[in-house]
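Below is one structure, written out as structure tokens; the observations come after it.
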Amino acid sequence: MQTTTTSKLGLPALNMQYVDGPTRFRSINHTLQATMSSYASNSIKIDETLYYLKQFDFHAPSEHTLNGKTYPLELQLVHKNQSGDIAIMAVMFDIGEPNQAIQNLWESFPTMEDSSMAIFSPVDIHQLLPDNKTYWRYRGSLTTPPCTEGVIWTILKTPVALSAEQMDKFHYIVGPANNRPLQPLNERKITDSYSGDTEILY
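In terms of numbering that gives the first Met the number 0, the sequence shown opens at residue 0 and continues consecutively.
Dropping the structure here:
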């Protein structure tokens with residue numbers, strides 16, 4: 000994503016409700032995944048449609064770059080609406096102060112690949128999000144097979160901090176990398192929520 004190559008619509012502020020934390024933490028297919036209870040009511044509204052949070056995944060290094068920078072970790076919050084359409088909100092993480100929500104998640108770290116653990120400490124999803132929630136939006140694909148198209152991506156512009164020790168623990172179980180290589184934009188239209196600028200990127 001480039002701030003100079005993004006269209007003018009003036010997107011609304013994000014309308015999200017994250018009340019319930021995840022209940023289980025899984026290591027699956029070289030990805031760490033936190034899953035929600037079927038009773039959870041977390042959601043994000045896009046174009047008057049509610050998308051409900053189903054899980055969130057961690058990828059290292061990041062699968063998006065912001066102004067050419069790759070981040071150590073990317074969080075992807077995966078939502079679905081009642082028709083099964085997918086909307087994903089992505090948050091970049093950079094090395095800095097320890098993150099309490101990450102710490103609580105890591106306490107329930109799966110001990111081996113393809114295993115699952117109950118999450119012991121409450122996880123406040125808002126601690127995984129930046130205060131500044133300006134964003135870019137585009138339609139793309141899933142980053143894992145079958146790489147389905149038609150996904151609404153919301154990329155938050157501001158990174159969140161986690162400590163080097165927290166990052167090291169992620170690598171301990173997942174390995175050095177579990178990201179999809181950077182893909183060409185293929186004429187996707189990307190919109191900047193702050194300026195309203197939209198541009199076609201190649």
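A virtual CB, placed ideally from N, CA and C, is assigned to each residue, including glycine.
- In this structure, residue 156 lies near residue 134, with their beta-carbon atoms less than 8 Å apart.
- Boundaries cannot be given for residue 62, as no alpha helix (DSSP H) includes it and DSSP labels it neither H nor E.
- About 6 Å separates the beta carbons of residue 122 and residue 104, which is inside the 8 Å limit, making them a contact pair.
- If you draw a straight line from the Cα of residue 28 to the Cα of residue 19, it is about 25 Å long.
- Under the DSSP assignment, residue 168 falls in the alpha helix (DSSP H) whose first and last residues are 163–173.
- For residue 81, the secondary structure class from DSSP, reduced to helix, strand or coil, is coil.
- Between the C-alpha atoms of residue 159 and residue 149 there is a straight-line separation of about 27 Å.
- Excluding five sequence positions before and after residue 14, the CB atoms of its chain that fall closer than 6 Å to its own CB belong to 44, given in chain order.
- C-alpha of residue 188 to C-alpha of residue 163: approximately 35 Å in a straight line.
- Counting only residues of its own chain and dropping the five nearest sequence neighbours on each side, residue 49 has a CB closer than 6 Å to the CB of 42.
- Under the DSSP assignment, residue 14 falls in the beta strand (DSSP E) whose first and last residues are 14–16.
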